[in-house]
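Trainee: Starting off with a structure, shown below.
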Amino acid sequence: MNAWDAHSGEKVQVTPSSPEPINAWESNKQELPSADQPLHAASTSIDIPSSPSPAVPDASSDEPVARGKPSLPRFLLRIWQFFAAIGAFGFQVGASPYSEEPIPFGKPGLLYYGYVVCWLSIVWSSFNVFVYLTRRFGKGNKIKRFVSTLFDLVLAALFGVCVFYEIATYRCKPGMHNGWCNFYNTGLFFLMSLFLTYVVHALWDIFAAMSCLRK
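Residue numbering for the sequence shown follows UniProt numbering, beginning at 1 and increasing consecutively.
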């Protein structure tokens, strides 16, 4: 492009400083989509990762629920109750065969009542021993506290009636009736121990049930 210098009167060659804006426009123009090209074909697709679905726990892979170990002192008391009931029943029943004398009391109904209560104790204590062993070495469940407390209270009351009525009604000094009283008094000792252990068990259950008050 030619121009005249106003001061010197000479013709000056003028060159365009930069063709970049035109080229930039052309490049931008080339990037635009044509009128008959669909807009979605020229647009850039963006992949959005889908959110992972929450994992569903597999019930088959669940670990077994931890169970508390059963109480050893309670188990030992149940063992004692089992053998004490057998001892009380055996000594009082075996007094007559040992001494070869009949029952020296006019009304032996209280003795028969004691026999029945002893067998109830044998069944209940043996069941508790079975429950302890299945919990200790297997996956057994514990006895419901309400049921355990109820049975212990009932047996404590039954043994209490038996023991105190026998002490008050049957007078039998050691050595009398050819050794009959020795067997009877030994059985009475086991009956007293059964009464005390069932009272302990019942109180144990009651105080354990009241532990929720401390939370």
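Cβ coordinates follow ideal geometry from the N, Cα and C atoms, glycine included. For clarity, every value in this text was computed on a predicted model and none was experimentally measured.
1. At what residue ranges does the region 118–171 contain a whole run of the beta strand (DSSP E), taking only runs of 3 or more?
2. Starting from G90, trace the alpha helix (DSSP H) both ways and give me its first and last residue.
3. Among M176, T149, Y184, which residue has its Cα nearest to the Cα of F89?
4. Say whether the region 115–124 touches the region 163–182, bearing in mind that this needs 3 or more beta-carbon pairs closer than 8 Å, one atom from each stretch.
5. Check each candidate in K139, T186, D205, V154 and name the one with the smallest Cα separation from V93.
6. Please classify A208 as buried or exposed, where buried requires at least 16 other C-beta atoms within 10 Å of its C-beta.
7. Hey, could you find the ends of the alpha helix (DSSP H) G187 is sitting in?
8. Among residues of its own chain, excluding the 5 on either side of H177, which ones have a beta-carbon nearer than 7 Å to its beta-carbon?
9. Quick check on L158: buried or exposed, where buried means 16 or more other Cβ atoms within 10 Å of its Cβ?
Mentor: According to the structure shown:
1. Listed in chain order, nothing qualifies, since the region 118–171 has no complete beta strand (DSSP E) run of 3 or more residues.
2. Run containing G90: 72–93, per the alpha helix (DSSP H) assignment.
3. Among M176, T149, Y184, the Cα nearest to that of F89 is on Y184.
4. Under the three-pair Cβ rule at 8 Å, the region 115–124 does not count as touching the region 163–182.
5. Taking only the C-alpha atoms, the option nearest V93 is T186.
6. Exposed.
7. G187 -> alpha helix (DSSP H) spans 180–209.
8. Once the five neighbours on either side are set aside, the close Cβ partners of H177 are S99, E101, P104.
9. Of the residues assessed, L158 falls on the buried side of the cut-off, its CB having 16 or more other CB atoms within 10 angstroms.
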